[in-house]
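Residue numbers (the numbering used here): 500 to 1107.
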């Protein structure tokens, strides 16, 4: 639960106070710089697209779902578990009772733990959710009796029981760091009833207050540590601090717990899975490495007592968000020893969107198949450990519980309407045959390059004039806003490298850069000493291996040569008129081969 709500809601308050879009952008950038490591990328754009579902979900928690007669302000932070005997799917989420006026879904709210069950593999759900802890408070002004949050849940086969852990924050303040107590509840009857909370602080030593998961723990199935329960957690001593990740484990069915001896520093929310047939486990971690924007990984071969060095998985891009791992055995086409390992997250580097499942057949060494479930705002997710059903064609289905909303803020990092949060459940084919590696874009979202001319200029020195500056600001506020044109993931500007001439291409995309917190790639220009048009085109094509959308501002006499260098035949290109500042070239490329798919001319349609 590490969204930087202060920067988002602070900007919302500015909009409500009557600030203009441009003022909103400037202030959003100022705040965004403080929360950059949290993935809070404010574009200053007010109407992002809702997106699409590619596999229809069922709604588990939203504003209309009552929990024992109460409608919480919102639900977030899902955790899911399937009972291995009854096949009941148990969905959990934090029910948040924050203050009114945009803060009802904020971290550090009064929290309850909501629970809802499905008896048909996630197709339908109980009419009403229930509280895991009795007498759950619903008054945001009464934090002293707050239940807590950050749910992690596991099933113990030895005693046929569900174990759920959660944390309480300082002064009862939700699950905020630093936490001050850790708790356990247990159900022996498939979630019908739950035990009274038991304080487990005595087992956690220096890590009392660790935030569990969130998501799912595991019980090791193989090797010397068969039967061991393993719970992931992240620990910090200050709010928003990336402290350290740990696991804590139990060999006696949860009566006692022991913490790993090798905490993993500068990590955040983590998820765990068993790999291979020897009892080894993999920990996959959110982190704040802005240079990587990849998931961090560490392995343990002694049941979680110690972990090896942290490394970054280049196949698992991440916008700095929570993610989930799960394993399913017995899936057609998988190795008996390795099983099928799955990973879910918003598969982007600068936006919480595109809920994607990746599949590994070698214990997480590689991820050759992936499946895009939704091009929607994607919050936290929790994968079911096991198959949830059989499709009409006989293939096994997996399941994921995940958060989203219908009215996202720019870059889909938070919800515009705090009542608009929802927690959904999506079933999907476990084989992952619908897509192959890196094919998210090739089936539905080709890679895109937009080429713009710089804005209108003054005749002395070539700097942008008032019209050009207005056009530049319009690019950020109304053009590349996820509506008519896609949000950029990289920005390029032609460099003139002329001591007496303004860098007007860079000036043209500077507001867009500021609004999106994306740097401007300013290493190339049409002059050969700067790589020429071909060098720039090669760099952009290389960049498309890691991003989906690039926006370019270029010198107009060299737009056609640059476009040719990107693969468009010169016979398709018209001479660019001297007076034309409005046209945009749109080039689309296959995501696998990066071959040119289409070239079209469109326009900003800007009027000052």
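C-beta atoms are modelled at their ideal positions from N, C-alpha and C, and glycine is treated no differently.
1. If we count the other Cβ atoms within 10 Å of its Cβ and call it buried at 16 or more, is residue 789 buried or exposed?
2. Excluding the five sequence neighbours on either side, which residues of its own chain have a C-beta within less than 6 Å of the C-beta of residue 588, listed in chain order?
3. By how many angstroms is the C-alpha of residue 753 removed from the C-alpha of residue 543?
4. Would you mind stating whether residue 1112 and residue 577 have Cβ atoms separated by less than 9 Å?
5. Name the DSSP beta bridge partners of residue 748, please?
6. Kindly indicate which three-state DSSP category residue 970 falls into: helix, strand or coil?
7. Check the Cβ-Cβ distances between residue 874 and every residue of chain C, and say whether any is below 9 Å.
8. Count the other CB atoms within 10 Å of the CB of residue 733; is the residue buried (16 or more) or exposed (fewer)?
9. Taking a contact to mean a Cβ-Cβ separation below 9 Å, would you say residue 983 touches residue 994 in this structure?
10. Taking residue 895 and residue 871 to be in contact with their CB atoms under 8 Å, please state how far apart those CB atoms are, rounded to whole angstroms.
11. Keeping to the same chain, check which residues put their C-beta closer than 7 Å to that of residue 665; ignore five residues upstream and five downstream.
12. How is residue 1034 classed by DSSP in three states: helix, strand or coil?
13. Taking the CB atoms as reference points, tell me whether residue 1007 and residue 987 lie closer together than 9 Å.
14. Assuming residue 863 and residue 774 form a contact by the criterion Cβ under 8 Å, report the distance between their Cβ atoms to the nearest whole angstrom.
15. In terms of alpha-carbon separation, which member of 903, 946 and 1037 lies closest to residue 552?
16. Taking the alpha carbon of residue 887 as the reference point, which residue from 579, 1072, 568 and 562 has its own alpha carbon closest?
17. Helix or strand or just coil, what does DSSP make of residue 809?
18. What does a CB cutoff of less than 6 Å around residue 952 pick up in its chain, not counting 5 residues either side in sequence?
19. By alpha-carbon positions, which one of 1032, 1040 and 968 ends up nearest to residue 1011?
20. Mapping DSSP to helix, strand and coil, what is residue 1024?
21. Applying the 10 Å Cβ sphere with the 16-neighbour rule, what's the burial state of residue 511?
22. Ignore the nearest five residues each way along the sequence and tell me which others in residue 590's own chain have a CB closer than 6 Å to its CB.
23. Starting from the Cα of residue 1064, find the closest Cα among 975, 780 and 1040 and give me that residue.
24. Using 8 Å for Cβ pairs, my map puts residue 884 next to residue 715. What's the rounded Cβ distance?
25. Out of curiosity, what's the CA-to-CA distance linking residue 918 and residue 563?
26. Just the Cα atoms here: how many angstroms apart are residue 936 and residue 750?
27. Which residues mark the beginning and the end of the alpha helix (DSSP H) in which residue 1008 is found?
28. Which residues in the same chain as residue 784 place their Cβ atom closer than 6 Å to its Cβ, once the five residues preceding and following it in sequence are excluded?
29. Skipping 5 residues on each side, what residues in its chain have a beta carbon closer than 7 Å to that of residue 1100?
30. Suppose you measure from the CA of residue 742 to the CA of residue 723; what does that come to, to the nearest Å?
31. Do residue 962 and residue 1116 come within 9 Å of each other at the CB atom, strictly closer than that value?
32. Only counting the same chain, and skipping five residues up and downstream in sequence, which positions put a Cβ closer than 8 Å to that of residue 1057?
33. Would you mind reading off the limits of the beta strand (DSSP E) that contains residue 577?
34. Using 9 Å as the threshold, is the C-beta distance between residue 718 and residue 800 below it?
35. Using only the alpha-carbon positions, how far apart do residue 624 and residue 873 sit?
36. With a CB to CB cut of under 6 Å and the five nearest residues on each side skipped, what residues in its chain are close to residue 1108?
Quick answer:
1. The residue in question, residue 789, is exposed, as its Cβ has fewer than 16 Cβ neighbours within 10 Å.
2. Contacts found: 581, 617 and 621.
3. Low confidence applies here, because residue 543 scores a pLDDT of 28, under 50, leaving its location unreliable; read the following figure in that light. One alpha carbon belongs to residue 543, the other to residue 753, and they sit about 48 Å apart.
4. Residue coverage of the chain in this structure runs from 500 to 1107, which leaves residue 1112 outside it and unanswerable.
5. Answer is 729 and 757, bridged to residue 748.
6. In the structure shown, the three-state DSSP call for residue 970 is helix.
7. Protein chain content of the structure displayed is limited to a single chain, and chain C is not contained in it.
8. By the 10 Å Cβ count, residue 733 comes out buried.
9. Not closer than 9 Å, so no.
10. Going by Cβ atoms, the distance from residue 895 to residue 871 rounds to 19 Å, so no, they are not a contact pair.
11. Counting only Cβ-Cβ distances below 7 Å, and skipping sequence neighbours, we find 612, 647, 648, 649, 650, 682 and 711.
12. Annotated three-state conformation of residue 1034 is helix, per DSSP.
13. No; because the gap between Cβ atoms is not below 9 Å, this pair is not in contact.
14. Contact flag correct, Cβ pair sits at about 6 Å.
15. The residue with the shortest Cα to Cα distance from residue 552 is 903.
16. Selected option, being the one with the closest Cα: 579.
17. In the three-state reduction of the DSSP assignment, residue 809 falls in the coil class, being assigned neither a helical nor a strand state.
18. Sequence-distant Cβ neighbours of residue 952 in its own chain, meaning closer than 6 Å and more than five residues away, are 1055 and 1080.
19. Of the candidates 1032, 1040 and 968, 968 places its Cα closest to the Cα of residue 1011.
20. Residue state, collapsed to three classes: strand.
21. Low per-residue confidence applies at residue 511: pLDDT is 36, beneath 50, and the placement is therefore not dependable, though the value from the model is reported in the following sentence. Counting the other CB atoms within 10 Å of its CB gives residue 511 a total of 16 or more, which places it among the buried residues.
22. Closer than 6 Å at the Cβ level, and outside the excluded window around residue 590, lie 559, 579, 615 and 900.
23. Nearest of 975, 780 and 1040 to residue 1064, Cα basis: 1040.
24. At roughly 6 Å, the Cβ-Cβ gap stays under 8 Å, so residue 884 and residue 715 are in contact.
25. Taking the straight line joining both Cα atoms gives about 9 Å.
26. Note on residue 936: pLDDT 39, under 50, position unreliable in the model; the coordinate value appears next. When rounded, the distance between both Cα atoms is 39 Å.
27. Counting along the chain, the alpha helix (DSSP H) containing residue 1008 begins and ends at 1003-1015.
28. Once the five neighbours on either side are set aside, the close Cβ partners of residue 784 are 744, 766, 769 and 795.
29. The beta carbon of residue 1100 sits closer than 7 Å to the beta carbons of 1082 and 1084 from its chain, once the five residues preceding and following it are set aside; these are given in chain order.
30. When rounded, the separation of the alpha-carbon atoms in residue 742 and residue 723 is 31 Å.
31. The chain is shown from 500 up to 1107; residue 1116 falls before or after that span and cannot be answered.
32. Answer for residue 1057: 993, 1025 and 1032, listed in chain order.
33. Its beta strand (DSSP E) spans residues 573-581.
34. Contact: no.
35. Between residue 624 and residue 873, the C-alpha separation is close to 21 Å.
36. Any answer about residue 1108 is impossible in this case: the structure gives the chain only from 500 up to 1107.
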